[in-house]
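Q: The UniProt record's numbering puts the first residue of the sequence shown at 1, with every later residue one more than the last.
Quick reminder that beta carbons are idealized off the backbone N, C-alpha and C, glycines included.
Mind having a look at this structure? Questions to follow.
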Amino acid sequence: MMPNTTLQEAAAVAERLRQRIQGREVFLHNNVTLRVSASLGVSASEERGEYQFEALQSVADGRLYLAKQNGRNQVCFRSAA
1 MMPNTTLQEA AAVAERLRQR IQGREVFLHN NVTLRVSASL GVSASEERGE
51 YQFEALQSVA DGRLYLAKQN GRNQVCFRSA A
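Printed below as a string of structure tokens:
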């Protein structure tokens, strides 16, 4: 939740988070290394004209899955056409 933030501003924050996470390595036992990435979905109350947490969460969740379907490791702040 980012009060007083536009969709574009929230997407920019999400992109900065994605970039910071991308390429991080998690070291496991036996010299096993995992590379980490992030897919994020973003929504904003300005799109709906009102604040309803459940509705915003549902839109962001749908966009998260869209980001994953489109190749992962990306931010999605627009719904599919």
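So residue 9 is in the alpha helix (DSSP H); what residue range does that whole segment cover?
A: Counting along the chain, the alpha helix (DSSP H) containing residue 9 begins and ends at 7-21.
Q: Does the region 1-9 come close enough to the region 60-74 to have 3 or more Cβ pairs within less than 8 Å?
A: No: fewer than three Cβ pairs fall under 8 Å.
Q: Among 41, 21, 35, whose alpha-carbon lies nearest the alpha-carbon of residue 27?
A: Measuring from the Cα of residue 27, the nearest candidate turns out to be 35.
Q: Beta-carbon separation of residue 10 and residue 21 under 9 Å?
A: No, the pair does not count as a contact, with Cβ atoms beyond the cut-off.
Q: Hey, could you find the ends of the alpha helix (DSSP H) residue 50 is sitting in?
A: Premise fails: residue 50 is in no alpha helix (DSSP H) and is neither H nor E.
Q: Taking residue 28 as part of the beta strand (DSSP E), name the residues at either end of that continuous run.
A: Run containing residue 28: none; DSSP gives neither H nor E here.
Q: Distance, Cα to Cα, residue 71 vs residue 50?
A: Distance between the alpha carbons of residue 71 and residue 50: 31 Å.
Q: Going by C-alpha to C-alpha distance, which of 80, 44, 73, 46 sits closest to residue 17?
A: Nearest option by C-alpha distance: 73.
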